[in-house]
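Okay, structure first, notes after.
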Amino acid sequence: MKTSAGFPRTHTIVALLQDHPGVLHRAVSLLRRRGYNIASLAVGRSETEGVSRMTLVVEQEDVEQVVKQLNRLVEVLQVDDVTHDPTIEREVILVKVAAGGNMQSIVSVALGYGATIADVGMGTMLLELSGSPAKVEEFLQRLSPFGILEATRTGRIAMVRGRATHSAAELMSDLIVAAPIAQSPEQWLSQADGINGTN
Amino acid sequence: MTLTPRTAAAKDPGADGSRTGAQIICEALVREGVEIMFGIPGGAIMPFYHAMWEYRDQIRHVLCRHEQGAGHAAEGYARTTGRVGVCIATSGPGATNLVTPIADAWMDSTPMIAITGQVSSAALGTDAFQETDITGITVPITKHNYLVQNVEDIAYVVKEAFYLARSGRPGPVLIDVTKDAQQARTIPRWDRPLRLPRHKSVCELDRGAVERATALLCGAQRPLIMAGNGVVQSGASAELRALAERTGIPVITTLHGKGAFPESHELSLGMSGMHGWVHVNKAIQECDVLFNVGGRFDDRVTGKVSTFAPRAQIIHVDIDPSEIGKVVPTSIGIRADARAALTCMLETAPAGNKLEWLDRIRANQKQHEPHQAYRRRPETPTLMPHDVFASLDRAFHRHTGYRVVTDVGQHQMWAAQLIEWGRPRTHITSGGAGTMGFSIPAALGAALAFPNETIWVIVGDGGFQMTNQEIATMVQEDVRNVKIAVINNGYLGMVRQWQELFEGARYSGTKLSGPDISLLAEAYGVRGIKVERPEDADEAIESAWAHHGPVVIDFRVEREANVFPIVPAGQSISNMMVTATANA
Chain A
12 MKTSAGFPRT HTIVALLQDH PGVLHRAVSL LRRRGYNIAS LAVGRSETEG VSRMTLVVEQ
72 EDVEQVVKQL NRLVEVLQVD DVTHDPTIER EVILVKVAAG GNMQSIVSVA LGYGATIADV
132 GMGTMLLELS GSPAKVEEFL QRLSPFGILE ATRTGRIAMV RGRATHSAAE LMSDLIVAAP
192 IAQSPEQWLS QADGINGTN
Chain B
2 MTLTPRTAAA KDPGADGSRT GAQIICEALV REGVEIMFGI PGGAIMPFYH AMWEYRDQIR
62 HVLCRHEQGA GHAAEGYART TGRVGVCIAT SGPGATNLVT PIADAWMDST PMIAITGQVS
122 SAALGTDAFQ ETDITGITVP ITKHNYLVQN VEDIAYVVKE AFYLARSGRP GPVLIDVTKD
182 AQQARTIPRW DRPLRLPRHK SVCELDRGAV ERATALLCGA QRPLIMAGNG VVQSGASAEL
242 RALAERTGIP VITTLHGKGA FPESHELSLG MSGMHGWVHV NKAIQECDVL FNVGGRFDDR
302 VTGKVSTFAP RAQIIHVDID PSEIGKVVPT SIGIRADARA ALTCMLETAP AGNKLEWLDR
362 IRANQKQHEP HQAYRRRPET PTLMPHDVFA SLDRAFHRHT GYRVVTDVGQ HQMWAAQLIE
422 WGRPRTHITS GGAGTMGFSI PAALGAALAF PNETIWVIVG DGGFQMTNQE IATMVQEDVR
482 NVKIAVINNG YLGMVRQWQE LFEGARYSGT KLSGPDISLL AEAYGVRGIK VERPEDADEA
542 IESAWAHHGP VVIDFRVERE ANVFPIVPAG QSISNMMVTA TANA
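Which chain is which? The protein sequence lines are A and B, in order.
Just so we're aligned, residue 12 is where the first sequence starts under the numbering used here, counting upward by one.
Just so we're aligned, residue 2 is where the second sequence starts under the numbering used here, counting upward by one.
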């Protein structure tokens, strides 16, 4: 989707977060504060223990500032706007359609998209598809004449092609430990004197 | 059976070396060098107060009258010392009363630790008595916050919290500790190293960018240095002065930059922005290179952004990378500590002068100032706010060893304009958040940090009526070095001024009555003085200075005086009103 100015209307942001309670709240709060709508949000454990990877699709032309402020959060290890990068994007959908006498047609649509039949119930079929967001969208449209009873989508997940751009393990080992620990009050006072220096 | 006094030996660890979570918090505060904290107890923080008693020789606790006061006092302490201010509150309303000072500290990058008690972990999320989700509430206004439910985490969390509060761009960090975590026992581990992956406070100076910036700045025809809070926070006043003097480049300051560069200096131009001087804003609009060091291009500085410094290439040094390019596009943006950047600039900056440019600015100043009513008092027997500020400025020239805390509103701008500021950390005010009621409690914190200095409060009658209860705290704590000058005009003056200038003088909700302030001061047990004539101002200030105890001076000033110049909100800083009817 493009606006007249040629900027993409939505942005895909990939972030690595420490897997702590509340971290999602902090991240999402920065978007809420601006009134940005989140088109989709997918988050789960990454390949490294203690690190989650999040894919966020935001309906906004300019997300530079929000990316910078996400970066400022203590538990955020890395944030990238990958909208302009070569990425593989996928979404998983579960969709329940009304299946009466038209079961055969539904099955052929499903096979055409590479979907699997996850469940067949009384007059319903539950299909499962993984694909690009565009493919998933098209699949839903093709099914709609049969009567969609229920649909649920995971939200988009994205990964940049080629070399490892977001190695969580590397980021986690990039520790800071050079902290002023257990200073005596005297040390602090002398530092404060330095700060207060007269002129 | 022998009875052991309840407090005896509690500070000593149990036979197994264990301590309660509350004791561990106290111990951790001592290890972080905390000497004073401001707070109010309540149910969920009682275990901490119980333990605190054992540490009373190491950490002084100041009982405030309202948690907002405790928070601002911690800010005042932090802003004057550069150290971390600490405030304490209980759960629920205690914690929510801290929200305003936390937001204030967030906006002005003040290092602060807020410790709040929380209901027991089993009751979390049940709407228990005095339960409020304070970590949820403070997410957007803290650098980070913690909900601690496990006694094992306390020692580490306090250490990390202090590191975060004072590192990089300083700011507030909140630690919410459940009551059961305060009561549980463990053997604290103090040797756990900080574990902050990819931490943002660490930055390597881009020396190439600094060299390019130096060349651009020094090679410019009409350069300006704009000094912000970052110069004060990083203690870079000497470096700033050295750079200005070597290159001959004039210096302007933001509100929080006041004190970063002595205003008596020939290269000092003064403050820019909404209530800046005409010649300073003009200089910004004419300059070809603007070097902002440690300021964040607040909208009170830029006015309408698209018209700000239209001829200038912008160099921006800020320790927070998210500030660079946030408001104005920069030619060279450098993420750095202000002092590190200025020190590096001094390595390559050539000696020079910008006399032609400086002459042009001074000529502008000469052309404008004599015509500007705000520079001289009108012919009237009434006590004008300007009389009070002139008297205060005279007193500040006579004395040393003082700091000033201002509140928010007209008096704050007059103080910024009409008093000559010279030293960092002596002009303390609520800038970003604009919190009325900031000044009196903040002065309490400053006074306890600097007991040998005199802390002046300049406050309006509106702000005075928001937090004057902290005068009782001063009395209880035997704080004698606070002098409060109330600029009393019976209005919420700045709003009234806007109503007069921009809204047809409809004084909706701005007329304000109040108690007899000098009598109220006496009721608190401090000295009160009432001043109604211009000729009495000097003497009142001098006698307040000499008095060994807090003094409140009620300056009954002209009710409808205005702050000029003023740039109407949202307009270009070229558009400066110098009277109610004339532009510069």
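C-beta atoms are modelled at their ideal positions from N, C-alpha and C, and glycine is treated no differently.
If you check each beta-carbon in the region 315-345 of chain B against every beta-carbon of chain A, the ones closer than 9 Å belong to Asp-321, Pro-322, Ser-323, Glu-324, Ile-325, Gly-326, Lys-327. Across the region 119-150 of chain B, CB contacts with chain A closer than 8 Å involve Thr-136, Gly-137, Val-140, Pro-141, Lys-144, His-145, Leu-148, in sequence order along the chain.
The C-beta of His-257 of chain B has 16 or more other C-beta atoms within 10 Å across all chains shown, which makes the residue buried. Scanning chain B for C-beta atoms nearer than 8 Å to the C-beta of Met-136 of chain A yields nothing, as the closest lies near 40 Å away. Closer than 8 Å to the CB of Arg-199 of chain B there is at least one CB belonging to chain A. The beta carbon of Gln-131 of chain B lies closer than 8 Å to those of Gly-43, Gly-44, Ala-45, Thr-91, Ser-92, Gly-93, Pro-94, Gly-95, Val-120 in the same chain, with the five residues before and after it left out. Residue-level contact by beta carbon fails for Leu-268 of chain B and chain A, as no gap is shorter than 8 Å. Buried is the label assigned to Ile-114 of chain B, since at least 16 other Cβ atoms lie within 10 Å of its Cβ.
Rounded to whole angstroms, the Cβ separation of Arg-426 of chain B and Thr-81 of chain B is 5 Å, and the two are in contact under 8 Å. Taking every protein chain shown into account, the CB of Gln-477 of chain B has fewer than 16 other CB atoms within 10 angstroms, so this residue is exposed. With at least 16 other beta carbons inside 10 angstroms of its own, Ser-323 of chain B counts as buried. Bounds of the alpha helix (DSSP H) holding Asn-365 of chain B are 356-369. For the region 211-299 of chain B, the full-length alpha helix (DSSP H) segments reaching 4 residues or more read 230-234, 238-248, 279-287 along the chain. At least 8 Å separates the CB of Arg-153 of chain A from every CB of chain B.
Residue nearest to Arg-57 of chain B within the set B:Ala-74, B:Glu-28, B:Arg-336, B:Val-85 is B:Glu-28 (criterion: CA-CA distance). For the region 35-56 of chain A, residues whose beta-carbon sits nearer than 7 Å to a beta-carbon of chain B comprise His-36, Arg-37, Ser-40, Arg-44. An exposed status is given to Gln-115 of chain A, since fewer than 16 other beta-carbon atoms sit within 10 Å of its beta-carbon.
Three or more beta-carbon pairs separated by less than 8 Å are not found between the region 54-65 of chain A and the region 92-107 of chain A, which leaves the two stretches without contact. Residues of the region 386-407 of chain B that bring their beta carbon within less than 8 Å of a beta carbon in chain A are absent altogether. Non-local beta-carbon contacts of Gly-433 of chain B in its own chain, meaning distances under 6 Å to residues more than five positions away in sequence, involve Met-108, Asp-109 in chain order.
Listed as beta-bridge partners of His-428 of chain B by DSSP are B:Val-405.
Using a Cβ-Cβ cut-off of 8 Å, Lys-79 of chain A is close to Pro-322, Ser-323, Lys-327 of chain B, given in chain order. Residues His-73, Asp-105, Asp-408, Val-409, Ser-431 of the same chain have their beta carbon placed closer than 7 Å to that of Phe-439 of chain B, with the five preceding and five following residues left out of the count. Leu-217 of chain B has a beta carbon lying at 8 Å or more from every beta carbon in chain A. In the same chain as Phe-397 of chain B, and ignoring 5 residues on each side of it, the C-beta atoms closer than 7 Å to its own belong to Tyr-403, Ile-420, in chain order. Counting C-beta pairs closer than 8 Å gives three or more between the region 20-38 of chain B and the region 157-165 of chain B, which meets the contact rule. Note that the region 51-67 of chain B does not touch the region 216-232 of chain B; fewer than 3 beta-carbon pairs, one per stretch, sit closer than 8 Å. Residue pairing for Thr-21 of chain A: DSSP places it in a beta bridge opposite A:Glu-70. Taking a beta-carbon distance threshold of 8 Å, Leu-225 of chain B does not count as an interface residue toward chain A.
The residue from B:Pro-566, B:Glu-68, B:Ala-16 with its alpha-carbon nearest to that of Thr-580 of chain B is B:Pro-566. Taken in chain order, the complete alpha helix (DSSP H) segments of 4 or more residues contained in the region 518-543 of chain B are 518-525. Rounded to whole angstroms, Ala-210 of chain B and Ile-316 of chain B show a C-alpha spacing of 10 Å. Under the three-state reduction of DSSP, Pro-102 of chain B is assigned to helix. At a cut-off of 3 residues, the continuous stretches assigned as beta strand (DSSP E) that sit fully inside the region 440-525 of chain B are 455-461, 483-489.
Here Lys-259 of chain B is not near Ala-71 of chain B, since their CB atoms are 8 Å or more apart. Each residue's CA atom was taken as its position, placing Val-487 of chain B and Pro-311 of chain B some 40 Å apart.
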